[in-house]
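There are 2 protein chains.
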Amino acid sequence: MEQIARTPKQIGAALRRCRRAGGLTQAALGEKTGLRQATISALESGEPGTQLRTLAEVMATLGLELVIRERGQPGKDIGDLY
Amino acid sequence: MEQIARTPKQIGAALRRCRRAGGLTQAALGEKTGLRQATISALESGEPGTQLRTLAEVMATLGLELVIRERGQPGKDIGDLY
DNA sequence: CATCAATATACTCCGGAGCGCATAGAATTG
DNA sequence: CAATTCTATGCGCTCCGGAGTATATTGATG
Chain Z
371 MEQIARTPKQ IGAALRRCRR AGGLTQAALG EKTGLRQATI SALESGEPGT QLRTLAEVMA
431 TLGLELVIRE RGQPGKDIGD LY
Chain P
371 MEQIARTPKQ IGAALRRCRR AGGLTQAALG EKTGLRQATI SALESGEPGT QLRTLAEVMA
431 TLGLELVIRE RGQPGKDIGD LY
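Line order of the protein sequences matches chains Z and P.
Heads up, the working numbering is the position in the first sequence plus 370, with the first residue counted as 1.
Heads up, the working numbering is the position in the second sequence plus 370, with the first residue counted as 1.
Okay, structure coming up:
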């Protein structure tokens, strides 16, 4: 499941889906990452002030990585979008 | 060119390559984004405290997007096919 | 419905980001 | 080399994230 994001809101939404896919609650993820549940909530809600450290911590714990690429590259992933 | 990143440092390094690929200086990117050149510098250096708003602003200006996916999906990555 | 789990909000405190501004240091070029 | 461009760093300032803690609000579930 590759999720595309360009804004903090989209990033947060994607992370939320990944967390839920792993059957975790915000509190549980907070435990694993050493972050407060409220911080997870803010991140997933797309608070633009959230720090990269928080994003990285959550991604690492959820086993995720980022691909940085130019916009609208119609690769094969297009199919995964719909 | 798809760049993979898991840490603020790797994110910053990737953005730096993208900026340079576009022939921009930090100052020029700062102009376009409304961010200080020092802020661009910090982001590219991988300061973990950098905010998502800064990342998003820079990505938008450079015409980039993120793909959030699970770590290490070797075969699925068709990016290196062309 | 009632209840319990999950998520969002609120408060104070502290630290650090990003601002304007300025400059030091590094890299590039002639 | 020197000269110029680019990048990193410093200071004072304001603002807000995240910690700790607690409580609302929302969402599932029986």
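C-beta: ideal position from N, C-alpha, C; glycine also.
Segment limits, alpha helix (DSSP H) that includes residue i
i	result
E414/Z	Q407 to S415
L399/P	Q396 to T403
G382/Z	P378 to A391
Residue i, buried or exposed, once every other Cβ within 10 Å from all chains shown has been counted against 16
i	result
A375/Z	buried
G416/P	buried
G449/Z	Model confidence at G449/Z stands at a pLDDT of 31, short of 50, so the residue's coordinates are unreliable; what they give is reported in the following sentence. Exposed, by the Cβ-count rule.
K446/Z	Below a pLDDT of 50, predicted positions are generally treated as unreliable, and K446/Z, at 41, falls in that range; no measurement from the model is reported.
G400/P	buried
R406/P	exposed
R389/Z	buried
V437/Z	buried
Residue of the options minimising C-alpha distance to residue i
i	options	result
A430/P	A426/Z, G393/Z, S411/Z and R441/Z	R441/Z
T424/Z	V437/Z, L436/Z and G404/Z	G404/Z
L394/P	I438/P, I410/P and R439/P	I410/P
K402/Z	E414/Z, G419/Z and E427/Z	E427/Z
R439/P	L434/Z, R406/Z and R390/Z	L434/Z
P378/P	P418/P, L399/P and A397/P	P418/P
Terminal residues of the beta strand (DSSP E) in which residue i lies
i	result
R441/Z	Looking at the DSSP string, R441/Z is not in any beta strand (DSSP E), and its letter there is neither H nor E.
Q421/Z	Careful: Q421/Z lies outside any beta strand (DSSP E) and carries neither H nor E.
Next item on the list: For the segment 412-439 of chain Z, enumerate the residues whose C-beta is nearer than 7 Å to any C-beta of chain P, in chain order.
Entry: P418, G419, T420, Q421, L422, R423, L425, A426, M429, A430, G433, L434, E435, L436, V437, I438 and R439
Checklist line | Three or more C-beta pairs below 8 Å linking the segment 383-400 of chain Z and the segment 380-389 of chain P | finding: no
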